[in-house]
Amino acid sequence: MAKRILICDDAAFMRMMIKDILTKNGYEIAGEAENGAKAVEKYNETKPDLVMMDITMPEMDGIQALKKIKAMDPASNVIMCSAMGQQAMVIESIQTGAKDFIVKPFQADRVLEAVKKAIG
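Yeah, the sequence shown ends on 120 if you go by UniProt numbering, and it's all consecutive.
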């Protein structure tokens, strides 16, 4: 059975890019969210194998959403995505329990390497 992934990014273009990389490599998209609050909601609804989470988003940022998801499901797998220059946030997200982080703009092989490392 294909691994199910929830994509969370406020930029529709970024969600589309990630979705494209993942579906071409046999992963199933469990859902999409445009902010952290929606990501937490969708995580509860879909129970995905992995969440790809942007750090900087409106309403609730990725780190707050990561904390909420980890509180609900300590076994959750989350990979954070960030633009350059967000080192402090990247460190905080790893300390909060993110499995990995990917720097934008995405390289397909780096996305797949992170996903394979997190959920096999």
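The C-beta atom is built at its ideal place from N, Cα and C for all residues, glycine as well.
For Ser82, the pairing in a beta bridge is given by DSSP as Val103.
Less than 8 Å separates the beta-carbon of Gln64 from that of Gly36.
With a cut-off of 8 Å on Cβ pairs, the segment 6–22 is in contact with the segment 46–56, counting three or more such pairs.
By DSSP's assignment, Ile5 forms a beta bridge with Ile29, Leu50. From the listed residues Met80, Lys99, Thr23, the smallest Cα separation to Arg4 is found for Thr23. The continuous alpha helix (DSSP H) containing Ser93 extends over residues 87–96.
Around the beta carbon of Met72, fewer than 16 other beta carbons lie within 10 angstroms, which makes this residue exposed.
Distance between Lys117 and Pro48, taken at the CA atoms: about 16 Å. The C-alpha of Gly97 lies about 23 Å from the C-alpha of Pro105. Annotated three-state conformation of Asn35 is coil, per DSSP.
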